[in-house]
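Q: In UniProt numbering, the protein residues as written are 1 to 88. Where is the CB? At the ideal position from N, CA and C, for every residue including glycine. Below are the structure tokens for one structure; questions will follow.
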């Protein structure tokens, strides 16, 4: 079994920055996934998840969502760094 690691941190360069993020989500009633778009403000908080010898995946916390899927009730989401696009 692979060792799983989680490291939390803060990136001041991202704090307060507006950004867009896309991610995947299940399509209800199917075994398929679709793309979902989000926009909001980054807090600067991040989590690095790693397993085994694989490089970590960094996730940034986004709040004050101005764009999210119609059925999304979340006030904040975690965005994979590679799917994050800074607006300003």
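1. Look at the alpha carbon of residue 78 and the alpha carbon of residue 26, and state the distance between them as a whole number of angstroms.
2. Please state if the CB of residue 36 and the CB of residue 44 are separated by a distance shorter than 8 Å.
3. Can you tell me whether residue 82 is helix, strand or coil according to DSSP?
4. On the three-state DSSP scale, how would you describe residue 21?
5. With DSSP as the reference, label residue 76 as helix, strand or coil.
A: Based on what the coordinates show:
1. By one-based count along the chain shown, residue 78 stands at place 78. By one-based count along the chain shown, residue 26 stands at place 26. Their Cα atoms are separated by approximately 16 Å.
2. Residue mapping note: residue 44 aligns to position 44 of the chain shown, counting from 1. Residue mapping note: residue 36 aligns to position 36 of the chain shown, counting from 1. No, the pair does not count as a contact, with Cβ atoms beyond the cut-off.
3. Translated into the one-based positions of the chain shown, residue 82 becomes position 82. In the structure shown, the three-state DSSP call for residue 82 is helix.
4. Position 21 of the chain shown, counted from the start, is the residue given in the question as residue 21. Reduced to three states, the DSSP call for residue 21 is strand.
5. Walking along the chain shown from the start, residue 76 turns up at place 76. Reduced to three states, the DSSP call for residue 76 is coil.
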